[in-house]
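Contents: one structure, followed by commentary.
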Amino acid sequence: MKDLSQASEWTKQQFNVSAIAGRGTYGKTFLPENVFLLPEPQDVQGDVHEPRGIALRVGSQITSLNAISAAEVDTSRRDMFWGSYRATMKLSHVSGTCAAFFWYFNDTQEIDMEFLSRQFDEVKKVFPVNLVIHSSLSAKDGYDASKTGTFKTTNLKFDPTKGFHEYRFDYLPGHVYFYADGERLGDMKGENVPSSGGHVILQHWSNGNQLWSGGPPSSDAAIVVKSVKAYFNSSDAEKRGDWHNTCRGHGEKGTVCAISDTTPATSGQVDHSPHNDAKAGNHETGEESGGYGSHLAKSLTTALAPMMAVYTLVMMGPELEFGLKAWWE
């Protein structure tokens with residue numbers, strides 16, 4: 474694929490957020506042109522030549538609307554329920570932006586992994602990731618989840634600006650687990666965990682809020698997304714019915730799909746070999762290996778049993794694959 478507009482299952486976003494609404498010094502202007510394909514290696518940030526992927530750019534200039542230009546791409550499906558959601562990304566080294574990979578139903582049902590480039594310190598080896606679940610409790614506190622028990626900051630064991638790494642969260646009934654390169658970062662559970670179907674968002678922005686994104690960045694900043702994979706139940710009754718009609722021959726009720734863990738590569742890039750994809754089967758993943766224990770594998774495969782689709786945005790090979798696939802196809 475050479476034109477992102479051909480990707481019917483993903484949409485580039487265009488909208489404005491005022492400084493007041495976004496709780497920032499500046500507003501945010503999300504522009505479609507700030508989301509673009511990198512079909513061949515090219516220079517998007519200094520002298521760094523990126524491999525194939527999608528770039529999400531934040532501008533360094535303040536616009537006529539007193540805003541900072543930003544980037545967002547969303548899945549078109551809104552029925553993405555319990556499942557495992559994974560993005561392979563290289564983050565920006567330019568201070569003053571927020572990169573986010575998250576699942577969203579509404580402002581009180583949201584699962585986030587957010588990366589603030591101003592917090593990165595190469596000398597001290599400090600590379601935080603902020604794990605967040607927004608709920609009705611965080612809404613009451615101005616969408617500050619830090620006081621609700623569903624906010625955690627943990628340090629990555631690698632520099633996320635130097636190479637591609639897989640970031641993942643598993644959204645299960647009453648429980649969310651977070652991972653980086655297959656290693657568990659933390660988990661959150663209880664009544665504040667979402668209970669609806671939603672959609673996946675990739676976002677890169679800045680609004681000058683010195684308590685969060687910082688910025689604006691001193692130069693245009695970009696993150697590069699190599700792939701997004703989602704293995705999930707549908708919250709849509711019609712789509713669940715399609716599964717029953719299509720997959721009757723795959724086994725009796727209770728058949729589950731094993732979701733393999735990602736094995737981190739020593740180069741800092743993620744292994745995308747076929748064994749890391751979802752496969753139909755009636756077995757579970759094995760003992761603890763980079764994040765899953767057998768008890769968690771059982772929880773995940775049970776949650777995914779009723780209907781599972783595989784949603785992919787993969788930037789690999791001579792052509793770019795960007796769309797929706799179901800494991801039964």
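Whatever position you read off the sequence shown (first residue = 1), add 473 for this note's numbering.
No residue lacks a Cβ here, since even glycine has one placed at the ideal position from N, Cα and C.
In this structure, how does DSSP classify Lys712 when only helix, strand and coil are distinguished? DSSP places Lys712 in helix when its eight states are reduced to three.
Can you tell me where the alpha helix (DSSP H) with Lys485 in it begins and where it stops? No alpha helix (DSSP H) holds Lys485; the beta strand (DSSP E) holding it covers 483-485.
By Cβ distance, which residues of its chain are closer than 8 Å to Asp580, with the 5 residues on each side in sequence left out? Correct list, in chain order: His607, Ala612, Tyr616.
Using only the alpha-carbon positions, how far apart do Ser691 and Ala618 sit? Inter-residue distance for Ser691 and Ala618 is about 29 Å (C-alpha atoms, whole angstroms).
Put Leu610 into one of helix, strand or coil per three-state DSSP. In the three-state scheme derived from DSSP, where H, G and I count as helix and E and B as strand, Leu610 is classed as helix.
For Glu656, does the three-state DSSP call read helix, strand or coil? If DSSP states are grouped into helix, strand and coil, Glu656 belongs with the strands.
By the three-class DSSP mapping on this structure, what secondary structure does Arg591 have? Helix.
Can you name the residues that DSSP bridges to Val567? Partner(s): none; Val567 has no beta bridge.
Nearest-angstrom Cα distance between Ala703 and Lys630? The alpha-carbon of Ala703 is positioned some 24 Å away from that of Lys630.
Note the first and the last residue of the continuous beta strand (DSSP E) segment covering Val490. Where Val490 is concerned, the enclosing beta strand (DSSP E) stretches over 488-490.
Please state whether the Cβ-Cβ distance between Ser669 and Asp552 is less than 7 Å. No.
Does Pro601 come out as helix, strand or coil in the three-state DSSP assignment? When DSSP states are grouped into helix, strand and coil, Pro601 belongs to the strand group.
Does the region 500-513 come close enough to the region 635-644 to have 3 or more Cβ pairs within less than 8 Å? In short, these stretches do not touch, since the Cβ pair count stays below three.
Quick check: the region 671-682 against the region 572-586, are at least 3 beta-carbon pairs closer than 8 Å? Contact holds between the region 572-586 and the region 671-682, because three or more Cβ pairs, one in each stretch, are under 8 Å apart.
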